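Just so you know, the protein sequences line up as chains A and B, in that order.
Just so you know, my numbering puts 81 at position 81 of the first sequence, and the rest follows in order with no gaps.
Just so you know, my numbering puts 343 at position 343 of the second sequence, and the rest follows in order with no gaps.
Backbone N, C-alpha and C fix where the C-beta goes; we use that ideal spot for every residue, glycine too.
Bear in mind the structure is a predicted one, so any value in this text is a computation, not a measurement.
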Amino acid sequence: MSGGAQGATLMPAWDSDTGAVAVLAVLAGDEAYGFPLSAVREILAPPPLTEVPRAPSHFLGVIAVRGQIITVIDLPKMLHLEAEQTDPYGRILLVDNGEELIGVAVDRVIQVYRMEPNQIEYASAMSAELSDYVVGVGRVPSGSSADAEDMLILIDPVSLLGGVQ
Amino acid sequence: MSDPRDNVQQEFLSEAQELVEALSRDLLLLDEAHHRNERIDPALVNEIFRSVHTLKGIAGMFGYKHVGVVAHALEDLLDDLRLGRTLVEPHLLDVLFDSVERFQQLLALEDPQSPEEEAGVQEYIAAIRAIGTESAKEEGDPLDQYAIEPAVLSVLTEYEEHRLRACIRQGLRLYRLRAAFDLTAIDDSIETLRAVASDDAEIITYLPSMEGGNEDTIELVVLLASGAPKEQLEAHFEGRYGTIEAIEERTHLPTLPPRPTSIPSTGASMETQAEEDSGQASLQSVANSVRVDIRKLDHLMNVVGELALVRSAVNRIVDQFKGDATYRQSLTDLDRIGRGFERQLAELRTGILDVRMVPLGQVFNKLARIVRQAAREHDKQVRLVVTGANTEVDKLIVEKLTDPLMHLVRNAIDHGIEPGDARIRAAKPAEGTLALNAYHKGSNVVIEVEDDGGGMNALQLQEAAVSRGLLNADAGLELSRQEMLDLVFLPGLSTRSEVTDLSGRGVGMDVVKTNILRMGGVISIESEQGSGTKITVTLPITLAIIRALIVTVASRTFALPITVVREAIPYIPEEVRTIEGREVITLRGETLAICDLARLFGFRGSSREEGRFVVVGSMGNRELGFVVDGLVGQDDVIIKALGKSLASVRGFAGATDLGDRKVALVLDAPALFTEHFDGPEAGWAMETHP
Numbered sequence: 001m002s003g004g005a006q007g008a009t010l011m012p013a014w015d016s017d018t019g020a021v022a023v024l025a026v027l028a029g030d031e032a033y034g035f036p037l038s039a040v041r042e043i044l045a046p047p048p049l050t051e052v053p054r055a056p057s058h059f060l061g062v063i064a065v066r067g068q069i070i071t072v073i074d075l076p077k078m079l080h081l082e083a084e085q086t087d088p089y090g091r092i093l094l095v096d097n098g099e100e101l102i103g104v105a106v107d108r109v110i111q112v113y114r115m116e117p118n119q120i121e122y123a124s125a126m127s128a129e130l131s132d133y134v135v136g137v138g139r140v141p142s143g144s145s146a147d148a149e150d151m152l153i154l155i156d157p158v159s160l161l162g163g164v165q
Numbered sequence: 001m002s003d004p005r006d007n008v009q010q011e012f013l014s015e016a017q018e019l020v021e022a023l024s025r026d027l028l029l030l031d032e033a034h035h036r037n038e039r040i041d042p043a044l045v046n047e048i049f050r051s052v053h054t055l056k057g058i059a060g061m062f063g064y065k066h067v068g069v070v071a072h073a074l075e076d077l078l079d080d081l082r083l084g085r086t087l088v089e090p091h092l093l094d095v096l097f098d099s100v101e102r103f104q105q106l107l108a109l110e111d112p113q114s115p116e117e118e119a120g121v122q123e124y125i126a127a128i129r130a131i132g133t134e135s136a137k138e139e140g141d142p143l144d145q146y147a148i149e150p151a152v153l154s155v156l157t158e159y160e161e162h163r164l165r166a167c168i169r170q171g172l173r174l175y176r177l178r179a180a181f182d183l184t185a186i187d188d189s190i191e192t193l194r195a196v197a198s199d200d201a202e203i204i205t206y207l208p209s210m211e212g213g214n215e216d217t218i219e220l221v222v223l224l225a226s227g228a229p230k231e232q233l234e235a236h237f238e239g240r241y242g243t244i245e246a247i248e249e250r251t252h253l254p255t256l257p258p259r260p261t262s263i264p265s266t267g268a269s270m271e272t273q274a275e276e277d278s279g280q281a282s283l284q285s286v287a288n289s290v291r292v293d294i295r296k297l298d299h300l301m302n303v304v305g306e307l308a309l310v311r312s313a314v315n316r317i318v319d320q321f322k323g324d325a326t327y328r329q330s331l332t333d334l335d336r337i338g339r340g341f342e343r344q345l346a347e348l349r350t351g352i353l354d355v356r357m358v359p360l361g362q363v364f365n366k367l368a369r370i371v372r373q374a375a376r377e378h379d380k381q382v383r384l385v386v387t388g389a390n391t392e393v394d395k396l397i398v399e400k401l402t403d404p405l406m407h408l409v410r411n412a413i414d415h416g417i418e419p420g421d422a423r424i425r426a427a428k429p430a431e432g433t434l435a436l437n438a439y440h441k442g443s444n445v446v447i448e449v450e451d452d453g454g455g456m457n458a459l460q461l462q463e464a465a466v467s468r469g470l471l472n473a474d475a476g477l478e479l480s481r482q483e484m485l486d487l488v489f490l491p492g493l494s495t496r497s498e499v500t501d502l503s504g505r506g507v508g509m510d511v512v513k514t515n516i517l518r519m520g521g522v523i524s525i526e527s528e529q530g531s532g533t534k535i536t537v538t539l540p541i542t543l544a545i546i547r548a549l550i551v552t553v554a555s556r557t558f559a560l561p562i563t564v565v566r567e568a569i570p571y572i573p574e575e576v577r578t579i580e581g582r583e584v585i586t587l588r589g590e591t592l593a594i595c596d597l598a599r600l601f602g603f604r605g606s607s608r609e610e611g612r613f614v615v616v617g618s619m620g621n622r623e624l625g626f627v628v629d630g631l632v633g634q635d636d637v638i639i640k641a642l643g644k645s646l647a648s649v650r651g652f653a654g655a656t657d658l659g660d661r662k663v664a665l666v667l668d669a670p671a672l673f674t675e676h677f678d679g680p681e682a683g684w685a686m687e688t689h690p
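Written out as C-alpha cells, the structure reads:
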C-alpha cells in the first residue's frame, strides 16, 4: 500500500501547535468535511461502483483503480448522520488511512484551505461517537458572506475504517 | 558479422555455432563407434538429437528459415534413429556429416532467408527424407524372449521400449535389481547408480516396488541389460544396493503386486523433454532445467488450495473438542502440528509461485527481433541496449506482456528515433539508442522502454485532444505538461493516417494501457522534446489467476472459480422441494441442495423466475447448486484482494477487474459451502452493523 509510513505521520499534522495545515474541503450530504490534503492521494470521477452484498450499509461498494480494488464508503452514514447523500456521487477521494486507500464518495470538492491551529476546535469537546473519526471542527471564512464562517468536520484519515472491524 | 546493431543476433550465432560444433564432435564419435562395430551409446544419439532440436528452435526464433527446415528434417531422422526405426549405416552417416557443412554455410549467409539457397536446401532435405525407416527390419519381437510382466511393459516409454529391444538384440541379458533408496536423496542416489552401472550395464528403467521400503526409503525395481556375467554384476551391485536376479527367458515369474502406474519413471524425463516440441527454445542452456506445462503448476496450486480446505475442516473438528479437559494435551499438540502444517503449506505455495517465474529475457529476445525489423523497414540505425534480462516475473505476465511491449518498441522506432540525417542535424549520433531496462522494485517489476529520439510534443497532443472533442478547450488550457503527455493514452486520440502530426505516439497507446492495467500494472510516460521518451511499466511480480465461470445474479456479475463447478443445468422452480427447511432439487436421482444467491445476498425483487440456472458446485464429497440468473461464460480472471476494511464480509474471495473498469466479486466457494451446510454459526456470523 502506498505510504503506510506517511499515514502514520498524519496525526501530528493536525495536532501541531504551530504551522498551518492544508485541508481539502468537500461537500457530502448537507455537511462540509475537511481532509488533511497530505492524506488525499487522488480525486476521481466515479468509476462504475460494484456493491458488496452483506457489507455494512456505509460501504457503498468497490471500484477498480489502476487494477487495485478500492473500498468506497459513504461518509455521512459512517458518521451516523442522517443526511442523505446524492447519488450519483460527484467525486471519489482516495484517502490513505495508513493501511489502505479508501474511496470516500462526496458530492463535490469545495477548495483547499490553509488552516491555522486556532481555527480548529478539537473533538474532545464533542460527542464520543463522532470522535472516533473526527478530529474536530474547523472554521473557515464563508464563501457567501465576508463576515460569516463555515464549519468543516475534520476527518482523521488514520482512524477512517481502521476502527471498523 | 560486424553488425553492432544486434547483440542478440550475435548471441544466436555464437550459440548456433556451438551447437554445430558439438554436433560435429558427436557425429565423429558415432562414426568411430560404427567403424569399430562397437555398441552405439544411446546417450550419444540423444545428445545429437538434442543439439539439432535446440538448433531448430532458436533458428526459428531468429528467422534463419533454411537452418530451421534442415534441422527439422534432421530431427525427424535422428528421432527414428534413437527409437530404433532406423539403423546406423554409412550412407546415413554421410548425410549427417553433410549437415555440419550445410549449417555452417547457412549460418554465414548475409540474408538468412535468401531464396537462392532454397533449391540446395530442398535437395538436401530430400536426401534426408530418402533414408526413411526401411533400413530397420523387425525380426519378431525380441521382447517375447523374456517373461517381462505386462504391467512393466505398459509403463515403458517408447524410447525405453526401444532400448530394451535393442539390448536384447545385441544379445545382452536382462536383470532385475531391487534396491532401497533413501527418499530424501533419491535423485542423487539414482545418478550414482547410473554412474556405477554405466561400465557394464545399461539401465532401461526403474519402477517403484510396493514391497520393501519403509517411511524413509523406497524400494525400486531397476531393469538392467548387460553382457557381463551375473557374478560380475553381483559383485558390482550387491552389498551396495540390493539383490540382483536374472530375468528368466520364456518362463513365467510370479506376478509382482500391482504398482502405482501414476508414478512416472524419472529416467525418462530428459527424453520427454527432447520429444516435446514446444516450438521455441531459449538461448539458455537447458542442462539443469525442465520445461513444465504451466497447467501442471496451476494444478499444483489448486491442490494447495484443497489442502488449505482440509486444514480448515480439521480445525472445525478440533473446535468441537475445545473446552473438554480430557483432550487438552492432545489439542495443544494438534494445534502445534497444525501451525507447522500451515507454515509448510505456505512454503509450498511460495515454491510453486517461484517455479512459475521466468526471466524477462524471453520477451526481450523477441523484442530484439522487432527492433531489428523495424529499424530495417525505416532505414534507421538503432542500437538496442538491454539491462536486467534475468529479472524474473510470473510466466503468465511474461506472456501477456509481449504484445504491449512490442507495441512500445515499435512506436519508439517508427516514430521516436529520427532518421540518421535528422539526428546529425540535431547534434546527436546518427545511431539511435533504444534501451530496455528491467528491475525489481519491492514486489513489483519495472520495465522501461527508453529512446533518445525526438520526444513528444505535449502541446500538439493537447491540440489534437481538443480538436477531436476528447477535451474541452478550457480544460485543455489548465493541463500541466505531464497531463498533456498522458493524453496519449486516451482512446481515439490519433489515427494511423495522422500519426506523424502527433510525433506519432498515439496509435494503440490506449490499448497498451488497458492491457497493462488489466494485469494490475501501471504505465507512465516521460518525454522531453528533442531528447527522447521513456515509458515505464510497473507490474506485480505474480498474479493470482484463476479460471472462473462468470454468472449474473439480479443484474450483478459474479465470478465462481471453475475448479468447484461441475455443471450448470436449467432451474425449474416447480421441481424445488423443501427438506428440513432447505430447498433441494433432484438431479439424476440424487438429492441436491440448492442455494439461491439472490436471496442469500439479499437482492430483493429483481430476480426473475424464468430462464435461471443451477450451477452445480462440488467440494470434497459435498455438492451444492447455486441458483443464478444467467451464465456469461468462462474467463481467466486475476483475483485481487478486497481491502482490509471489507475483511469481515464473508462469502467473497476477492474481486476481479473484468475490463471497462467493471469489477466483479469472486465468490468464496468454500465459505459458501460451509455456510450452507454447517450454518453461519459454524464458521462465522454475518456482520450486524447498523
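Residues of the same chain with a CB within less than 8 Å of the CB of B/Pro419, apart from the 5 flanking positions on each side, are His378, Asp379 and Lys380 in chain order. CA-to-CA, the gap between B/His407 and B/Val512 works out to about 7 Å. The beta carbon of B/Ile525 sits closer than 6 Å to those of Leu485 and Ile535, all from its chain and outside the five residues before and after it, given in chain order. In this structure B/Glu567 touches B/Val616 by the C-beta definition: roughly 5 Å separates them, less than 8 Å.
The count of Cβ pairs closer than 8 Å, one atom from the region 116-131 of chain B and one from the region 88-106 of chain B, reaches three, so the stretches are in contact.
In the DSSP assignment, B/Arg556 falls outside any alpha helix (DSSP H) and lies within the beta strand (DSSP E) extending over Arg556 to Pro561.
The beta carbon of B/Glu450 sits closer than 6 Å to those of Ala435 and Lys534, all from its chain and outside the five residues before and after it, given in chain order.
By the neighbour-count definition (other C-beta atoms within 10 Å, threshold 16), B/Phe321 is an exposed residue. Rounded to whole angstroms, the gap between the alpha carbons of B/Asn621 and B/Ala671 is 15 Å.
Distances from the alpha-carbon of A/Arg91 to those of A/Leu24, A/Ser159, A/Leu160 and A/Ala20 put A/Leu24 closest.
For B/Gln482, the enclosing alpha helix (DSSP H) begins and ends at Arg481 to Asp486. Neighbourhood of A/Pro46 in chain B, by CB distance below 8 Å: empty, with the nearest CB roughly 10 Å away. Between the region 319-334 of chain B and the region 355-375 of chain B there are fewer than three C-beta pairs closer than 8 Å, too few to call the two in contact. The Cβ-Cβ distance between B/Arg311 and B/Glu347 does not fall below 8 Å. Beta-bridge pairing by DSSP links B/Lys534 to B/Glu450 and B/Glu526. Residue pairing by DSSP places B/His440 opposite B/Val445 in a beta bridge. Nearest to A/Thr50 by C-alpha distance, out of B/Glu32, B/Phe558, B/Gly633 and B/Gly581, is B/Phe558. For the region 29-54 of chain A, residues whose beta-carbon sits nearer than 9 Å to a beta-carbon of chain B comprise Pro47, Pro48, Leu49, Thr50, Glu51, Val52, Pro53 and Arg54.
B/Val385 sits away from B/Gly432, with the two beta carbons spaced by 8 Å or more. By the C-beta density criterion, B/Tyr64 is buried, having at least 16 other C-beta atoms within 10 angstroms. Taking C-beta atoms as the reference points, B/Phe237 and B/Leu177 count as a pair closer than 8 Å. Not a single C-beta of chain B is nearer than 8 Å to the C-beta of A/Val106. DSSP places B/Ile247 in no alpha helix (DSSP H); its state is neither H nor E. Burial is judged here by how many other beta carbons sit within 10 angstroms of a residue's own beta carbon; B/Lys230 has fewer than 16 and is exposed. B/Gly643 is a Cβ neighbour of A/Ile69, given a cutoff of 8 Å. Between A/Ile73 and A/Val40, the gap from beta carbon to beta carbon reaches 8 Å or more.
At least one C-beta of chain B is nearer than 8 Å to the C-beta of A/Ile63.
B/Met301 is positioned such that its CB atom lies no closer than 8 Å to that of B/Lys400. Assigned with DSSP and collapsed to three states, B/Gln329 falls in helix. Using a Cβ-Cβ cut-off of 8 Å, A/Glu100 is close to Gly643, Lys644 and Ser645 of chain B, given in chain order. Of all residues in the region 612-625 of chain B, none places a beta-carbon less than 7 Å from a beta-carbon of chain A. When the five nearest sequence neighbours on each side are left out, the beta carbons in the same chain lying within less than 8 Å of the beta carbon of B/Arg240 are those of Val196, in order along the chain. DSSP lists B/Ala655 as the bridge partner or partners of B/Lys640. With a threshold of 8 Å between beta carbons, B/Phe321 makes no contact with chain A. Boundaries of the alpha helix (DSSP H) harbouring B/Leu107: Pro90 to Ala108, taken from the DSSP string. Three or more beta-carbon pairs drawn from the region 69-85 of chain B and the region 158-167 of chain B are found closer than 8 Å, and the two stretches are therefore classed as touching.
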